[in-house]
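A short write-up of the structure that comes next.
Numbering (my numbering), first residue to last: 8 to 110.
What follows is the structure, given as structure tokens:
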């Protein structure tokens with residue numbers, strides 16, 4: 008059984024026991040998180056799709072960690088113009104583990 012959820016402007020394919028890093032969600036470590044933006048639930052040949060969301064479906068997850076990804080370095084340069092720009096960015100994330108899918 009798997010589901011497709013939407014969180015943080017992105018879509019993820021999740022199933023029970025899966026660990027994944029999503030955009031930062033304000034939640035304590037060890038707390039239960041309920042994601043109700045479910046786009047599709049599939050159980051073998053039985054597939055339920057929403058238009059765009061599936062009513063009554065939810066995915067339960069446990070928050071494992073709050074952290075930051077590795078630094079992404081941005082370098083811009085114009086040749087022969089003596090222009091260089093250095094910039095860096097670290098995106099925050101929340102690591103969750105899927106504990107249940109209910110349709």
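Ideal Cβ placement from N, Cα and C applies to all residues, glycine included.
Distance between beta carbons of residue j and residue i, contact taken as under 8 Å
| i | j | result |
| --- | --- | --- |
| residue 10 | residue 70 | The Cβ separation is near 18 Å, so there is no contact. |
| residue 28 | residue 100 | 4 Å |
| residue 107 | residue 53 | At roughly 17 Å, the Cβ-Cβ gap does not stay under 8 Å, so residue 107 and residue 53 are not in contact. |
| residue 3 | residue 39 | Residue coverage of the chain in this structure runs from 8 to 110, which leaves residue 3 outside it and unanswerable. |
Spatial neighbours of residue i in its chain, beta-carbon cut-off 6 Å, leaving aside the 5 residues before and after
| i | result |
| --- | --- |
| residue 92 | 83 |
| residue 72 | 102 |
| residue 56 | 47 |
Cβ neighbour criterion (16 or more within 10 Å) applied to residue i
| i | result |
| --- | --- |
| residue 19 | buried |
| residue 45 | buried |
| residue 36 | exposed |
| residue 79 | exposed |
| residue 41 | exposed |
Cβ shell of residue i (< 8 Å), same chain only, five flanking positions each side left out
| i | result |
| --- | --- |
| residue 50 | 8 and 110 |
Where residue i falls: helix, strand or coil (DSSP)
| i | result |
| --- | --- |
| residue 127 | Since the first and last residues shown for the chain are 8 and 110, residue 127 lies out of range. |
| residue 61 | coil |
| residue 25 | coil |
| residue 44 | coil |
Backbone CA spacing between residue i and residue j [nearest angstrom]
| i | j | result |
| --- | --- | --- |
| residue 25 | residue 103 | 8 Å |
| residue 43 | residue 96 | 30 Å |
| residue 89 | residue 81 | 17 Å |
| residue 85 | residue 94 | 15 Å |
| residue 98 | residue 33 | 14 Å |
Own chain, CB closer than 7 Å to residue i, minus 5 neighbours either side, in chain order
| i | result |
| --- | --- |
| residue 68 | 40, 42, 103, 104, 105 and 106 |
C-beta neighbour in chain B for residue i, strict 9 Å
| i | result |
| --- | --- |
| residue 60 | Looking for chain B here will not work: only one protein chain is present. |
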